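Below is one structure, written out as structure tokens; the observations come after it.
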Amino acid sequence: MIDMKKRAARALLAVTFAAAAHGACAQSYPARPVTWVVPFAAGGPTDALARAMAERVARELGQPIIIDNAPGAGGTVGTAKASRAAADGYTMLVGHMGYMGAAPALYKKLAYDPVKDFAPVFRFPDTPLVLMVRKEHPAKDIGALVDFGKANPDKLFISNAGVGSSSHLIAALFAASAGIKISQVPYKGAGPALVDVIGGQVDGIFDQTNTALPQIKEAKARALAVTAKVRLPQLKDVPTLGETVLPGFEASTWYGIYAPKGTPQAVLDKVQQAYLKVMSDKAFTDRLAEQAIQMLPPEQYTGTALGKHTEAEVMRWKAVAAKANVSLD
722 MIDMKKRAAR ALLAVTFAAA AHGACAQSYP ARPVTWVVPF AAGGPTDALA RAMAERVARE
782 LGQPIIIDNA PGAGGTVGTA KASRAAADGY TMLVGHMGYM GAAPALYKKL AYDPVKDFAP
842 VFRFPDTPLV LMVRKEHPAK DIGALVDFGK ANPDKLFISN AGVGSSSHLI AALFAASAGI
902 KISQVPYKGA GPALVDVIGG QVDGIFDQTN TALPQIKEAK ARALAVTAKV RLPQLKDVPT
962 LGETVLPGFE ASTWYGIYAP KGTPQAVLDK VQQAYLKVMS DKAFTDRLAE QAIQMLPPEQ
1022 YTGTALGKHT EAEVMRWKAV AAKANVSLD
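The sequence shown maps to residues 722 to 1050 in our numbering.
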């Protein structure tokens, strides 16, 4: 009887210490700058959105958030790096649909598991894409571009931010849905991929709205269609793919912040709370909306929702990759 009482007392003491440690961890974090790993080169849409989010979330956390660009292999190099980081809350990953959703379907060997090796923290708003072509391209609308692709198999050169990036995946889905063959040209990030569209070295690109809109506004490239469900206020004269050549077609890039598995829950909760406070700042969300970034219902921003979404996307892309013949070519 005495032993049972001692064991119960020890168990209660352990729970008490754990709760105290949980609270202390939450109160002291962060005590120094936090790093967000962006697995693409600087200057692309992922980098641009990450920096905007990092600056605003940092203000709520009270410590700087440093962006660490680690490009390569469609984002999988930087993601693997983040998965091996110390699980202390000071290194997190800016993940997206490519390397956290589609990668398991694209790579026979992957150095990380998007679900098992990470703890989801929060989800960004979604970003649709714009299909743009170089100014001198003969196709003046999306129908003409599809006709060009059908008449010139493998001679329609579409650049992307790297294998497994959203620009690669959406281009592959577009080609499969339109029944055309395109030649994909991978780069180490959307920035250099877009530069070569503007320079005329390649025909076009599916770029995200936050980096595409300035190029369109300055007439450096010509927008033919958007991947959103409805037309964007910023591009009222640009049709959706769904209303033109591909009825029902809709796609956007999703993003989220992930921490290495094992990061204290108190830390995850504190970062999530800071982010949710940021997303209640209408002045900030209005600036995002000006870039055609699409806000989500508040409950979809949480780490729990991101975890469920990640699991669902891994399964979805396995089916999509097989059906659309998305590969590493």
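For every residue, glycine included, the Cβ atom is placed at its ideal position computed from N, Cα and C.
All figures in this text were calculated on a predicted structure; none of them were measured in a lab.
For N790, the enclosing beta strand (DSSP E) stretches over residues I786 to N790. In terms of CA proximity to Q1012, D847 leads the group T797, K830, L831 and D847. S898 carries a helical assignment under DSSP once its states are collapsed to helix, strand and coil. Around the beta carbon of M818, 16 or more other beta carbons sit within 10 angstroms, so the residue counts as buried. By the Cβ test, the segment 826-841 is not in contact with the segment 995-1008, since fewer than three Cβ pairs between them sit closer than 8 angstroms. Here the segment 752-767 lies against the segment 783-803, with 3 or more beta-carbon pairs under 8 angstroms apart. Each residue's CA atom was taken as its position, placing Q922 and K871 some 21 angstroms apart. Under the DSSP assignment, V992 falls in the alpha helix (DSSP H) whose first and last residues are Q986 to V999. Between the segment 950-964 and the segment 771-779, the count of C-beta pairs closer than 8 angstroms stays below three; the two stretches do not touch.
Residues of the same chain with a CB within less than 6 angstroms of the CB of V959, apart from the 5 flanking positions on each side, are A944 and V947 in chain order. Taking T1031 as reference, the option from S749, G969, I978 and G963 with the minimal CA-CA separation is I978. Under the three-pair Cβ rule at 8 angstroms, the segment 808-826 counts as touching the segment 968-987. Per DSSP, A773 is one residue of the alpha helix (DSSP H) stretching across P766 to L782. With a cutoff of 9 angstroms on beta-carbon distance, M853 and Q905 are scored as not near each other. Here the C-alpha atom of D924 lies approximately 15 angstroms from the C-alpha atom of A893.
Residue V851 holds the alpha-carbon nearest to the alpha-carbon of S973 among V851, G864 and P1018. Between I903 and L877, the gap from beta carbon to beta carbon is short of 9 angstroms. In the DSSP assignment, P913 falls within the unbroken alpha helix (DSSP H) covering A911 to I919. Rounded to whole angstroms, the separation of the alpha carbons of E964 and A914 is 27 angstroms. In this structure, V966 sits away from F843, with a CB-CB distance that is not shorter than 9 angstroms. The shortest C-alpha to C-alpha distance from V1041 to any of G822, D868, P1018 and E781 is the one to G822. Within the segment 847-877, the complete alpha helix (DSSP H) runs of at least 4 residues fall at 863-872. Our two residues, Y833 and E857, have alpha carbons roughly 42 angstroms apart in a direct line.
By the neighbour-count definition (other C-beta atoms within 10 Å, threshold 16), S749 is an exposed residue. Judged by their CB atoms, F869 and F895 are not nearer to each other than the 9 angstroms cut-off.
In the DSSP annotation of this structure, the continuous segment of the beta strand (DSSP E) that includes Q905 starts and ends at S904 to P907. By the criterion of a C-beta distance shorter than 7 angstroms, D862 is surrounded in its chain by L945, once the five residues flanking it on both sides are discounted. In the assembly as shown, T1025 is an exposed residue. Its beta-carbon has fewer than 16 other beta-carbons within 10 Å.
For the pair T767 and G885, the CB atoms are not nearer than the 9 angstroms cut-off.
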